[in-house]
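According to our numbering, the sequence shown is numbered sequentially starting from 55. Each residue gets a CB set at the ideal place from its N, CA and C atoms; glycine is no exception.
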Amino acid sequence: VLVTWWSKYPSEFFARLVRVLNAFVSQRLRQLSVVDGCIASVTMTLDLLCTANDRASIIPYEMFYNTNISEKVDLINDYQLWKNRSGFSFCKYPFMLDANAKSRILHIDAAFQMEHEAERSFIETIFSNRPASSFVVLNVRRTHLIEDTFRELTSHSLQELKKPLRVVFVGEEGVDEGGVRKEYFQLIVRELFDLDYGMFIYDNDSRYYWFNG
55 VLVTWWSKYP SEFFARLVRV LNAFVSQRLR QLSVVDGCIA SVTMTLDLLC
105 TANDRASIIP YEMFYNTNIS EKVDLINDYQ LWKNRSGFSF CKYPFMLDAN
155 AKSRILHIDA AFQMEHEAER SFIETIFSNR PASSFVVLNV RRTHLIEDTF
205 RELTSHSLQE LKKPLRVVFV GEEGVDEGGV RKEYFQLIVR ELFDLDYGMF
255 IYDNDSRYYW FNG
């Protein structure tokens, strides 16, 4: 009933209501630096308002963003609460998360998946007596970088691709402690965006690259 009612609100009043509730969440976070019952209740109210806005497109989606979440909330703990379903978590309400918070959460998720897959490989090694690497190792030639990368990636399962990455340039000595991997990404991005390769086109007016075709 509330969602239907709010979806008929004039945009000016609807925007004011969202601003007031978001300001309350911000002030409370600045005061407490933790999430209490009041913040949870107001966030759930904002969730209903967001549903109403989805139906009627009353205000820009960005008005629901709250930058204080990325500044004041422990996003690692928030992510763990969401994954374990053990309490209130802002991850359950992504409409409030700005680009910075969402980017950080994606990095947190990737790190947890890599850690989990490395642990799984280690345990598998112990019980199967078969050697298993804790890394995805790409063996690539500098002269065939993209071709070798595709070959190497398709040789691994989706689970294996969640492991941390190491890169080996064929015929070169050296252990990848980060520097080789960094150079690899610089080189492959340069090749992918090379207009002669044909994957992207460049628009001189906007100065943007875009997919070819």
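Chain C within 7 Å of residue i, Cβ atoms only
i: S143; result: The structure shown contains no chain C, having only a single protein chain.
Limits of the unbroken beta strand (DSSP E) element including residue i
i: Y262; result: 262–265
i: N193; result: 190–194
i: V224; result: Where V224 is concerned, there is no enclosing beta strand (DSSP E), given that its DSSP letter is neither H nor E.
i: I255; result: 254–257
Cβ distance (whole Å) where residue i is taken to contact residue j below 8 Å
i: F239; j: F254; result: That pair is no contact at about 16 Å.
i: W136; j: K146; result: 6 Å
i: K217; j: S175; result: 7 Å
i: V224; j: R195; result: 5 Å
i: L129; j: A155; result: 7 Å
Local Cβ density within 10 Å of residue i, reported as buried at 16 or more and exposed below that
i: K236; result: exposed
i: D259; result: exposed
i: R205; result: exposed
i: M150; result: buried
i: Y256; result: exposed
i: Y262; result: exposed
i: S124; result: buried
i: A25; result: There is no way to answer for residue 25, as the model of the chain reaches only from 55 to 267.
i: Y115; result: exposed
6 Å Cβ shell around residue i - same chain, five flanking residues per side excluded
i: N131; result: none
i: I112; result: S65, F68
i: C104; result: F118, F149
i: D108; result: none
Endpoints, the alpha helix (DSSP H) within which residue i is located
i: R235; result: 233–246
i: Y133; result: 129–138
i: N154; result: 153–182
i: D101; result: 91–110
i: E201; result: 199–208
i: T121; result: Here T121 belongs to no alpha helix (DSSP H), and DSSP marks it neither H nor E.
i: L71; result: 65–86
i: L212; result: It is not in any alpha helix (DSSP H) - L212 carries neither H nor E in the DSSP assignment.
i: L249; result: It is not in any alpha helix (DSSP H) - L249 carries neither H nor E in the DSSP assignment.
i: V57; result: 56–60
Close Cβ partners of residue i (< 7 Å) along its chain, the five nearest in sequence each way excluded
i: V191; result: R220, V222
i: C92; result: R82
i: A94; result: F142
i: R84; result: N122, K126
i: H210; result: V190
Within 7 Å, strictly: CB atoms of residue i and residue j
i: A106; j: S61; result: yes
i: L199; j: I162; result: no
i: L102; j: V57; result: yes
i: V89; j: L75; result: no
i: A172; j: S187; result: no
i: I159; j: Y133; result: yes
i: S80; j: N122; result: yes
Same chain, Cβ closer than 8 Å to residue i, five either side skipped, listed in chain order
i: Q167; result: K216
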